[in-house]
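So the structure is just underneath, and the comments pick up after that.
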Amino acid sequence: MSEVALLQIIGLCVVGMGIVILLFIKGMFLRVIGFVAMVLGTFSLIALSVPQMASLPPAVETFDLASVKSPDDLASIGQKIFFSKGQCALCHSIGPSESARCPDLNGVGAKLAPDFIYESLTQPQAYIYLDFRHEGLPKEYPARMPYINKDPIGLTNQEIYSVIAFLQKMSGEPISIKVEDIMNADGESKPKDLKVASLEQSSHVNPQESDVHIQE
């Protein structure tokens with residue numbers, strides 16, 4: 158017998174007891190108790206008759222190489238990871254937002270080179286992110302960028318590639334990440350086809366933008 162069925166039987170017993178008290182007991186106090194029991198039992202039966210929704214853990218996004226036929230496929234996977242496993246949307250916004258705790262990523266795929274984005278994601282301690290969107294001295298953002306290639310997020314290099322592809326597509330840029338680039342991009346080590354980023358490589362970043370990257 159299921160738990161719901163057992164609770165329904167108990168509810169019926171409570172309603173029945175209330176009816177018996179109302180029909181055969183003359184004492185006012187006991188009649189009030191019987192009426193309350195009947196009402197509570199009826200509401201319980203109604204509540205138990207409503208279909209219950211199961212609470213399931215969120216689905217884990219998996220990187221399926223077989224489904225990647227084009228850079229757009231890669232960007233689609235990156236979008237799913239951005240909003241789920243990567244947890245990027247918990248702190249970053251895509252467009253102006255008062256609640257964002259980290260830099261706005263709108264257009265970042267056009268402003269920053271892929272290798273610079275890769276190092277920003279896997280070596281966040283190498284940069285300081287400052288907010289210039291207010292008067293006075295720039296200030297650091299409330300949240301610190303975690304290592305997304307380590308626990309608890311633990312993105313693989315293939316997943317990081319896909320997120321970069323999504324950022325490029327979102328910015329209206331041609332996706333420079335190729336399908337063949339991700340075939341041997343698994344593991345924790347940096348893929349060989351990405352060079353180490355530096356400020357000089359991304360000197361086109363406007364310091365008047367909402368964030369600036371300073372190498373320590």
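Residue 158 is where the sequence shown starts when you use the working numbering, and the numbers rise one by one after that. From the three backbone atoms N, C-alpha and C, an ideal C-beta is built for every residue, glycine too. Just so we're clear, the structure is a prediction, and the values are computed from it rather than from any experiment.
Can you tell me the Cα-Cα spacing of residue i and residue j, whole angstroms?
i      : j      : result
Asp261 : Ala194 : 57 Å
Leu247 : Leu202 : 40 Å
Ile167 : Tyr275 : 60 Å
Glu330 : Asp272 : 15 Å
Tyr284 : Gly266 : 18 Å
Asp221 : Ile305 : 19 Å
Tyr286 : Glu297 : 6 Å
Which class does residue i belong to by DSSP, given the choice of helix, strand or coil?
i      : result
Leu312 : coil
Asp261 : coil
Asp288 : strand
Lys237 : helix
Glu330 : coil
Glu255 : coil
Any idea if residue i is buried or exposed, counting beta-carbon neighbours within 10 angstroms, 16 or more meaning buried?
i      : result
Glu160 : exposed
Gln325 : buried
Leu312 : buried
Cys245 : buried
Measure from the alpha carbon of residue i to the alpha carbon of each residue in the options, then state which is nearest.
i      : options                : result
Gly264 : Ser241, Ile321, Gly293 : Ile321
Ser206 : Leu164, Gly235, Ser241 : Leu164
Gly252 : Cys170, Ile339, Ser328 : Ser328
Round the Cβ separation of residue i and residue j to the nearest angstrom and send it over; I've been treating them as touching at under 8 Å.
i      : j      : result
Val336 : Pro228 : 7 Å
Arg188 : Ile178 : 6 Å
Ile332 : Ala232 : 6 Å
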